[in-house]
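All remarks here apply to the structure that follows.
Residue numbers (the UniProt record's numbering): 1 to 86.
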């Protein structure tokens with residue numbers, strides 16, 4: 001990852017949260033950033049993951065609706081899953 005990468009080259013992915021929160025390592029797995037929760041923990045421990053612009057080292061940090069997670073040029077926007085009205 002290069003510090004020279006223009007900010008316009010970030011990809012965005014929306015993640016619809018079911019429930020109050022998702023653990024950071026699981027979010028990385030569910031969005032396909034990592035193959036497993038263990039790989040997600042290793043990625044977080046390496047300092048490569050940011051939550052709301054700040055480096056996050058807590059592997060099981062609770063990510064809630066409205067937060068943004070960025071890693072390797074991907075920005076994940078976490079939104080509340082709309083209630084099922086059926």
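The C-beta atom is built at its ideal place from N, Cα and C for all residues, glycine as well.
If you're wondering where the values come from, they're calculated on a predicted model, not measured in any experiment.
Taking a C-beta distance under 8 Å as the contact criterion, residue 28 and residue 17 do not qualify as a contact pair. If you compare the alpha carbons of 81, 79, 46, 65 with that of residue 72, the shortest gap goes to 46. Taken through DSSP and simplified to helix, strand or coil, residue 57 comes out as coil. Less than 8 Å separates the beta-carbon of residue 65 from that of residue 79. Under the criterion of beta carbons closer than 8 Å, residue 60 and residue 20 do not qualify as touching, at roughly 14 Å.
Around the Cβ of residue 56, a 10 Å sphere holds 16 or more other Cβ atoms; the residue is buried.
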